[in-house]
Structure formats: structure tokens, C-alpha cells
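K.L.:
Numbering-wise, the sequence shown is residues 0 to 301 according to numbering that gives the first Met the number 0. First the structure, which I've put down as C-alpha cells, then a few questions once you've had a look.
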Amino acid sequence: MPFVDRQKALEIGTSSLVLIDAEDISYNPRTDKAGRNIYRNTISKVQPDRVVRRWIEISFEFPLVGRADKIATNLEILKACECRVSFDNGKTIIEPATASGETVQFELYAEGKKFIGEKGKGNAKIEIKSGNLPYLTYSFTALLVDIQDADLPAETPETVPEPLVCENIGIFVGETNYPVTCESFELDFGLDLKVRNAITSPGGIAGVTVQERVVQGKFNPDAEKRATFDVWGVYLGNGTDPIVVDGSNPTMGVVQPGSRYKITLPKVAYTNIGNAVQDGIVVNEIQFEAVGVDDEFRIEIW
Numbered sequence: 000m001p002f003v004d005r006q007k008a009l010e011i012g013t014s015s016l017v018l019i020d021a022e023d024i025s026y027n028p029r030t031d032k033a034g035r036n037i038y039r040n041t042i043s044k045v046q047p048d049r050v051v052r053r054w055i056e057i058s059f060e061f062p063l064v065g066r067a068d069k070i071a072t073n074l075e076i077l078k079a080c081e082c083r084v085s086f087d088n089g090k091t092i093i094e095p096a097t098a099s100g101e102t103v104q105f106e107l108y109a110e111g112k113k114f115i116g117e118k119g120k121g122n123a124k125i126e127i128k129s130g131n132l133p134y135l136t137y138s139f140t141a142l143l144v145d146i147q148d149a150d151l152p153a154e155t156p157e158t159v160p161e162p163l164v165c166e167n168i169g170i171f172v173g174e175t176n177y178p179v180t181c182e183s184f185e186l187d188f189g190l191d192l193k194v195r196n197a198i199t200s201p202g203g204i205a206g207v208t209v210q211e212r213v214v215q216g217k218f219n220p221d222a223e224k225r226a227t228f229d230v231w232g233v234y235l236g237n238g239t240d241p242i243v244v245d246g247s248n249p250t251m252g253v254v255q256p257g258s259r260y261k262i263t264l265p266k267v268a269y270t271n272i273g274n275a276v277q278d279g280i281v282v283n284e285i286q287f288e289a290v291g292v293d294d295e296f297r298i299e300i301w
């Protein structure tokens, strides 16, 4: 029986598995192979290579939302993306961390099978764009424990609020908190993941390590005179600016607890300033790196 691409489901967590309504799920079981180079009196290889290492990579999207009563699973798994995730008085707070020690486990259901992953680490990216919903995009690398025949899970996914639409978002830049007008904003947690090879571990892999974090992003504000918005002065002077993205004042739809958000970047260094035309208006395409030590950003969701 053929399987439709949409017939996928994901159970994931750091301590226990929870079914979440993940979107755009993709997966890639990975292997390394090796074998003996035996040819005898022929140019044909006598013995085929064998699988000597195995792991799996998955990616998916989930709206930028939380819960009012506890940390939602879609935010809790950011602990495996080298983040501190805490909850206080209805608000989830996400900040960078080093050597968090947290990993994810998951069961990915697709093509009539269940792909089981453990000891996973990942990266995340926030995308806020006009005409869309705010999204977190996750990518995890994990040990591939097993592949089993399985039907899609029957339980109900974890309940989260409806996400806000991307409108009336305040983006404030610089020491003067200048309110820019722009079409999109992206923030990449910038984690460099490496599979740790080990002959002493099942599957030939001991786990996944995070080598480096370079938090980076981009946005495209309307071009302004330097007297109004002097991004060029900061860029050419090798200075830094704070950026705040405030999604707490929507004017469309019903606002549910756990759907508001605020992203604070205390210091960013601009790495490139380009220009483009957006809907007939000249805009600056600005790329940046966040500056700091385990304090490059703070994300609040309530």
C-alpha cells in the first residue's frame, strides 16, 4: 500500500515523548559504510561494503507559541539546542546556555514505520514574515536506534494556543529604540553540530556534540537617512546595537495565553548591509551577529 507524504507524526521530548503537531517534517537516515578491498583475478569487488555507523537527521516547523500553565514541549526541546528554558508566572523564558547536557529522544512516524532516535542535539531558527505566522524551525541530529513497522499514533497531540499572525510587531533598533518598518525578521541560533564517532558505542556513534554557537540573523528595514536611523554609522564604526522584536500587541484575531512573544538582543554587530526593492520601496537588507557569552538573546513567550 502506498503511503501519502502527509501521513507523518512526531513524538518528541527531553525526558518523555509527547505527540506534537509538527509541520513540514523531513527526515534522513544516515550511514557510513566500509568493507574489504578484495578483487582477486577480477575487476569486480568480491565483498560489498557494510554499514559501520548510523544516525538520523530530522527537521520540522512549529509556531512560536507556548503554554500558560507550563513549558510547552515545542519549547522544552530547545534545551537540546543549548538553551536554558524556564517558566515563571505564565511566561516561558529562553536564553542561551553552554554544555546544557540535555538531549532529545523522538519517534518519527512515516511510510508505515517508526524511526527511533535518541541522544539528539539540534539547532533552531525563528522566522517572522509578513503574511505568515511566526515559526520556529528545528533541525536535530540523533542516534538511529531502530526502525520498526508502526501505525500513526492514535493519541491527541499536545494542545497549544493559536499563533498570532505577523502584524503590528514592534521592531526597535539602537539606543534610541528606533521603530523600523520591515517585511521580515530572522534569528538563527547558529549551532554547529558534530556526530561523535566511537567504536565503544552501539552503532559506532557515542552522541552528538555542539562545537560552536554563532547567533546570527537578518531583517530588511526601509532605507532611512543617517540622521534618522544611522545603521551605517554603527556598521562602519564597528559598534553594536540592541534590537527588540515585540509581538505582544496584536490587532487581529483572538489573543490566547501563550501566543505573545518578545525577542531581545542586547548587542548585535552588523556583518553586511545591502539594498533591495520591496513593494517598490528601497530597503536595507541587514545581516547581523549577536554579541555575548550565553546572553546573546532572551526570548519571552506568554
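Heads up, the beta-carbon is just placed ideally off N, CA and C, and yes, glycines get one too. Computed from a prediction, not measured in an experiment: that's the story for all the values here.
Determine the burial state of ARG46: buried for a count of at least 16 other Cβ atoms within 10 Å of its Cβ, exposed for fewer.
P.N.:
Taking the sequence shown and counting its residues from 1, the one referred to as residue 46 is at position 47. In the sequence under discussion, the amino acid at residue 46 is Gln, which differs from the Arg named in the question. So GLN46 counts as exposed.
K.L.:
So, is GLY34 buried or exposed, given that buried needs 16 or more other C-beta atoms within 10 angstroms?
P.N.:
Reading the sequence shown from its first residue, position 35 is the one you call residue 34. With fewer than 16 Cβ atoms within 10 Å of its Cβ, GLY34 is classed as exposed.
K.L.:
Is it right to say GLN104 is buried, meaning 16 or more other beta carbons lie within 10 angstroms of its own, or is it exposed?
P.N.:
As a first step, residue 104 is located in the sequence shown; it is residue number 105 there, counting from the start. GLN104 is buried by the Cβ-count criterion.
K.L.:
Can you pull the DSSP bridge partners for LEU151?
P.N.:
Start at 1 with the first residue of the sequence shown, and residue 151 comes out as number 152. BP columns for LEU151 are empty, so no partner.
K.L.:
Span of the beta strand (DSSP E) holding GLY232?
P.N.:
Position 233 of the sequence shown, counted from the first residue, corresponds to residue 232. Segment 230-235 is the alpha helix (DSSP H) holding GLY232; no beta strand (DSSP E) there.
K.L.:
Reducing DSSP to helix, strand and coil, say where THR30 ends up.
P.N.:
Here residue 30 refers to the residue found at position 31 of the sequence shown. If DSSP states are grouped into helix, strand and coil, THR30 belongs with the strands.
K.L.:
Below 7 Å CB to CB, which residues in the same chain sit around LYS112 once its five sequence neighbours on both sides are set aside?
P.N.:
What you label residue 112 is simply residue 113 of the sequence shown in a count that begins at 1. Within the same chain, LYS112 has close Cβ partners ILE146, GLN147, ASP148 and ALA149.
K.L.:
Run through DSSP, which three-state label would GLU81 get?
P.N.:
Position 82 of the sequence shown, counted from the first residue, corresponds to residue 81. Coil, per DSSP.
K.L.:
Quick one: what does DSSP say PRO1 is sitting in, helix, strand or coil?
P.N.:
Here residue 1 refers to the residue found at position 2 when the sequence shown is read from its first residue. In this structure, PRO1 counts as coil in the three-state DSSP scheme.
K.L.:
Check each candidate in LEU163, CYS80 and TYR134 and name the one with the smallest Cα separation from GLN255.
P.N.:
As a first step, residue 255 must be located in the sequence shown, where it is residue number 256. Nearest C-alpha to GLN255: LEU163.
K.L.:
What are the uninterrupted segments assigned as beta strand (DSSP E) that are 3 or more residues long and contained completely in the segment 115-162, given in chain order?
P.N.:
Entirely contained in the segment 115-162, the beta strand (DSSP E) runs reaching 3 residues are, in chain order, 134-148.
K.L.:
May I ask you to list the residues that DSSP assigns as paired with TYR269?
P.N.:
Position 270 of the sequence shown, counted from the start, is the residue given in the question as residue 269. According to DSSP, TYR269 bridges with PHE287.
K.L.:
In three-state terms, what does DSSP make of GLU75?
P.N.:
Reading the sequence shown from its first residue, position 76 is the one you call residue 75. In the structure shown, GLU75 sits in a helix (DSSP, three-state: H, G or I).
K.L.:
By alpha-carbon positions, which one of VAL282, VAL290, ALA275 and ASN248 ends up nearest to ALA268?
P.N.:
The residue labelled residue 268 in the question sits at position 269 within the sequence shown. With distances taken between Cα atoms, ALA268 lies closest to VAL290.
K.L.:
What is the DSSP secondary structure of PRO201, counted as helix, strand or coil?
P.N.:
Translated into the one-based positions of the sequence shown, residue 201 becomes position 202. Residue state, collapsed to three classes: helix.
K.L.:
Roughly how many angstroms lie between the CA atoms of LEU151 and LYS224, to the nearest whole one?
P.N.:
The count along the sequence shown starts at 1 and reaches residue 151 at position 152. The count along the sequence shown starts at 1 and reaches residue 224 at position 225. Whole-angstrom Cα-Cα distance: 56 Å.
K.L.:
Give me the DSSP bridge partner(s) of TRP301.
P.N.:
One-based indexing of the sequence shown puts residue 301 at position 302. None, per the DSSP bridge assignment.
K.L.:
Where does LYS224 fall in DSSP's three states?
P.N.:
Translated into the one-based positions of the sequence shown, residue 224 becomes position 225. DSSP places LYS224 in coil when its eight states are reduced to three.
K.L.:
Hey, could you find the ends of the beta strand (DSSP E) ARG66 is sitting in?
P.N.:
What you label residue 66 is simply residue 67 of the sequence shown in a count that begins at 1. Neither: ARG66 is in no beta strand (DSSP E) and is coded neither H nor E.
K.L.:
Indicate whether PRO265 and ASP245 have their beta-carbon atoms separated by less than 8 Å.
P.N.:
To locate residue 265, count along the sequence shown from 1; it is residue 266. To locate residue 245, count along the sequence shown from 1; it is residue 246. No, Cβ-Cβ distance for PRO265 and ASP245 is not below 8 Å.
K.L.:
So, using beta-carbon positions, are SER258 and PRO160 closer together than 8 Å?
P.N.:
Along the sequence shown, read from residue 1 onward, the residue named residue 258 stands at position 259. Along the sequence shown, read from residue 1 onward, the residue named residue 160 stands at position 161. Cβ distance < 8 Å, so SER258 and PRO160 count as in contact.
K.L.:
Going by other Cβ atoms of all chains shown within 10 Å of its Cβ, with 16 needed for buried, is TRP231 buried or exposed?
P.N.:
In the sequence shown, the residue the question calls residue 231 occupies position 232. Flag for TRP231 reads exposed.
K.L.:
In the DSSP assignment, what are the bridge partners of SER183?
P.N.:
The sequence position of residue 183 within the sequence shown is 184, counting from 1. Partner(s): LYS128.
K.L.:
Let me know the secondary structure DSSP gives SER258 once reduced to three states.
P.N.:
Taking the first residue of the sequence shown as position 1, residue 258 is located at position 259. Three-state DSSP puts SER258 in coil, outside helix and strand.
K.L.:
Which value, in whole angstroms, describes the spacing of the CA atoms of PRO249 and LEU9?
P.N.:
Translated into the one-based positions of the sequence shown, residue 249 becomes position 250. Translated into the one-based positions of the sequence shown, residue 9 becomes position 10. Distance between the alpha carbons of PRO249 and LEU9: 30 Å.
K.L.:
Could you tell me the alpha carbon to alpha carbon distance between SER234 and ASP31, rounded to whole angstroms?
P.N.:
As a position in the sequence shown, residue 234 is number 235, starting the count at 1. As a position in the sequence shown, residue 31 is number 32, starting the count at 1. Here residue 234 is Tyr; the residue named in the question, Ser, does not match the sequence. Cα to Cα, TYR234 sits roughly 44 Å from ASP31.
K.L.:
Should TYR240 go down as buried or exposed, given a rule of 16 or more other Cβ atoms within 10 Å for buried?
P.N.:
Counting from 1 along the sequence shown, the entry for residue 240 is found at position 241. It is Asp, not Tyr, that sits at residue 240 in the sequence shown. So ASP240 counts as buried.
K.L.:
Would you mind stating whether LEU77 and ILE93 have Cβ atoms separated by less than 8 Å?
P.N.:
For the purposes of this step, residue 77 is identified with residue 78 of the sequence shown, where counting begins at 1. For the purposes of this step, residue 93 is identified with residue 94 of the sequence shown, where counting begins at 1. Yes, they are a contact pair.
K.L.:
For SER85 and VAL51, what's the separation of their Cα atoms in angstroms?
P.N.:
Residue mapping note: residue 85 aligns to position 86 of the sequence shown, counting from 1. Residue mapping note: residue 51 aligns to position 52 of the sequence shown, counting from 1. Cα to Cα, SER85 sits roughly 39 Å from VAL51.
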